[in-house]
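Working notes for the structure below.
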Amino acid sequence: SFRFLPLNQDGKLEIPTPWMEFMHENKDRWKKQAAKEEDERKKSSEEIAAK
């Protein structure tokens, strides 16, 4: 049996990736969380150094 290959207008194979949108959202979320945790670490280390 012949299966349909998803080709774009240029004739190149185009594999659907519906999860990419979620990957970008997760990456942004992780970057924000990492920045937040880094700030918390700096604050706690400054408090320890001040004592």
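Per this note's numbering, the sequence shown starts with residue 644, numbered consecutively. Think of the CB as a built atom: it goes at the ideal place given N, C-alpha and C, for glycine as much as any other residue.
Quiz prompt | Whole-angstrom C-beta distance between Pro-661 and Pro-649, which should lie under 8 Å | solution = Contact between Pro-649 and Pro-661 does not hold, since the beta-carbon distance rounds to 13 Å and is not under 8 Å.
Self-check item: Cα-Cα separation, Met-666 to Trp-673
Solution: 10 Å
Self-check item: Rounded separation between Lys-675 and Arg-684 - CA only
Solution: If you take the alpha carbons of Lys-675 and Arg-684, they lie about 14 Å apart.
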